[in-house]
Amino acid sequence: MGIPRLEAGSLFAGELTVVRPLVSGRVDGGVSSGDGSTYLVEHRSTGSQRALKLLDPELVGQDAAAGARERFEQAAHAGARVESDHVVQVVDAGVDAATGAPWLTMELLRGEDLATRMTRGPESFTAAREIVTQLCHALAAAHETGIVHRDLRPENVFLAAPRREGIPFTVKVLGFGLATFAAGSGSRPSAPGATLWVAPEEDATAALTPAADLWSLGLLAYFVLTGRPFWRGRPTDAPAALRREIGLEPLPSATERAGESGVGSLLPKGFDAWFRRCVSREPGARFASVREARAAFDALAPSAEDRPSNPDRAPLPVPASPAYRRRSRVSPRLPSPPAPPLAVSAPGARVAAPPPQATGSSAAPWLALGLRRDAHRRWAVASPASSRTESARASPSRRPCWPLERRRLPVPVTSRDPVWGERDAPVTLVEFS
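Last residue of the sequence shown: 538 (this note's numbering), numbering continuous.
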């Protein structure tokens, strides 16, 4: 039968007026739609707005009269027993008599989920520590209540607009109790990509310990710091291939895996050891508790590449092959063949080298370009080899230069790209491997 669709203006469950569908992960979302449909609804008696989530009727099947309804309502309200402001509040839950679909209403949040936020690139260590700290508060409180989340993934971590000063956002964890209910019903969460985040022991047993959430916590922290999932596999891959990589293939260190994408320098010092204590295939080798994991993460030192978070940063492209970007001071005496001009902008502008040519004895290496300033304080790009001869025979006002147009920069370089060298270097080089 599938999840039912609701029309705007219709009445649901006798008390909820449907306003419009919600887009998960964006403004006024607050719920994950990976395994359901979500709507903005208005409670008729109070006029308050809520988020309504519909789930697949197969979760309760034909067994609603035999207790599935009661078990679902108990699971949906499991988060209410967690004493943490970082757990989304479930207002009501039930099974719709007309469609047979389980549903729950939750507080309406303004913001975006972690999956949407990370499309704009990795977070700074300061922002990542804030996310991990608030996330650990919710998990620690849940574990002390005897609740294991089991389905911790970016779509279930919501970054809501803060309701008090002094914090950039409020982390709200969604889905407490639902994964446990699904497992007890003989079903597993069918959200795309869920396998990339859940602990491997979830395939073997339904009785899980808090160590399962520590596995997901480590993967989420890596994701926030690098902007990329840890596993090479993707949700579109065959499930068997994903399980083999996650459960059987050798586990590289976090720095080794990040280095494959050129973002290893973004990880804080000591992160490898912390990550190993979370993402270990043996649950007993993980941290003893979430509180211990949080304390160890707070003790990490930010890397040299850490910079303040930029909410307007450009999307971080995922290269088809490993690419490394290097930023350093370059001497104008380095040998280099002549190259066509590249337009740049202002002192300290980024200069990108052209991609390497075909390999072989006749192939030219990538070009290092230098910036120079003439007597009229104009900025120009020149190859090192030609700059010496040109400066010897031409006055400063006659030196060749090109218009200062940032929009003609051939390779986009953002403030969040991994760099080597000093940040105030006058030249930025983009190296392709």
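Where is the CB? At the ideal position from N, CA and C, for every residue including glycine.
Cβ shell of residue i (< 7 Å), same chain only, five flanking positions each side left out
{"i": "Ala400", "result": "none"}
{"i": "Arg362", "result": "Phe335"}
{"i": "Glu350", "result": "Trp336, Arg337 and Gly338"}
{"i": "Ser376", "result": "The sequence given here places Phe at residue 376; Ser does not occur at that position. Result list for Phe376: Ala359 and Leu405, in chain order."}
{"i": "Pro305", "result": "Ile351, Gly352 and Arg386"}
{"i": "Val123", "result": "Leu111, Glu112, Ala113, Gly114, Ser115, Phe117, Tyr144 and Val146"}
{"i": "Ala180", "result": "Gly282, Leu283, Thr285 and Phe286"}
CA nearest to the CA of residue i, picked from the options
{"i": "Val195", "options": "Arg225, Phe281 and Leu127", "result": "Phe281"}
{"i": "Ala173", "options": "Val200, Arg333 and Gly323", "result": "Val200"}
{"i": "Leu353", "options": "Val165, Leu330, Ser385 and Gln239", "result": "Ser385"}
{"i": "Phe177", "options": "Ser189, Asp190, Asp161 and Ser366", "result": "Asp161"}
{"i": "Gly119", "options": "Tyr144, Met211, Ala181 and Arg149", "result": "Arg149"}
{"i": "Lys158", "options": "Ala180, Val165, Thr151 and Leu127", "result": "Leu127"}
{"i": "Ala247", "options": "Pro315, Glu228 and Arg258", "result": "Pro315"}
{"i": "Phe402", "options": "Asp342, Pro355 and Gly323", "result": "Gly323"}
{"i": "Ala378", "options": "Ala345, Pro344 and Tyr327", "result": "Tyr327"}
{"i": "Gly226", "options": "Pro388, Thr533 and Pro523", "result": "Pro523"}
{"i": "Gly369", "options": "Ile252, Ala343 and Pro407", "result": "Pro407"}
{"i": "Gly251", "options": "Glu163, Arg125 and Leu313", "result": "Leu313"}
{"i": "Pro394", "options": "His242, Arg269, Arg268 and Phe274", "result": "The question names Pro, yet the displayed sequence has Ser at residue 394. Comparing Cα-Cα distances from Ser394 to each of His242, Arg269, Arg268 and Phe274, the minimum goes to His242."}
{"i": "Asp50", "options": "Glu163, Arg269, Glu365 and Thr231", "result": "As displayed, the chain neither begins before 106 nor continues past 538, which places residue 50 out of reach and without an answer."}
{"i": "Ser142", "options": "Thr151, Ile108 and Gly152", "result": "Ile108"}
{"i": "Glu235", "options": "Trp302, Pro273 and Asp308", "result": "Pro273"}
{"i": "Glu249", "options": "Arg396, Gly364 and Gly216", "result": "Arg396"}
Short Cβ contact (7 Å threshold) for residue i with residue j
{"i": "Asp318", "j": "His254", "result": "yes"}
{"i": "Arg381", "j": "Arg391", "result": "no"}
{"i": "Leu244", "j": "Val276", "result": "no"}
{"i": "Ala398", "j": "Leu330", "result": "no"}
{"i": "Gly332", "j": "Met223", "result": "yes"}
{"i": "Leu257", "j": "Ser321", "result": "yes"}
{"i": "Pro340", "j": "Gly298", "result": "yes"}
Contacts around residue i, its chain only, beta-carbon distance under 8 Å, and the 5 residues preceding and following it disregarded
{"i": "Leu121", "result": "Val146, Glu147, His148, Arg149, Arg155, Leu157 and Thr210"}
{"i": "Val165", "result": "Ala173, Arg174, Phe177, Val200, Gly205, Pro207 and Ser290"}
{"i": "Arg546", "result": "Outside the displayed range of the chain (106 to 538) lies residue 546, so it cannot be described from this structure."}
{"i": "Pro267", "result": "Pro273, Phe274 and Thr275"}
{"i": "Gly465", "result": "Summary for Gly465: the model assigns pLDDT 44, below 50, so the residue's position carries little reliability; its value from the coordinates is reported in the next sentence. Nothing meets the Cβ criterion."}
Contact set for residue i: own chain, Cβ-Cβ below 6 Å, skip 5 residues either direction
{"i": "Leu347", "result": "Thr300 and Gly338"}
{"i": "Pro344", "result": "none"}
{"i": "Val237", "result": "Ala326 and Phe402"}
{"i": "Leu356", "result": "none"}
Any non-hydrogen atom of the ligand FMN closer than 6 Å to residue i Cβ
{"i": "Arg386", "result": "This structure lacks the ligand FMN; in fact it carries no ligand of any kind."}
Exercise. Are the stretch 183–190 and the stretch 255–264 touching by the rule of at least three beta carbon pairs closer than 8 Å?
Worked result: no
Problem set entry | Start-end ranges of the beta strand (DSSP E) lying completely within the stretch 141–225, minimum 3 residues | 141–148, 154–160, 195–200, 207–212 and 216–218
Exercise. Counting only runs that start and end within the stretch 351–402, where is the alpha helix (DSSP H) found for 4 or more residues in a row?
Worked result: Correct list: 359–364 and 376–383.
For this session: Report the residue ranges of all beta strand (DSSP E) runs contained in full by the stretch 215–280; include only those spanning at least 3 residues, in chain order.
Result: 216–218, 262–265 and 275–278
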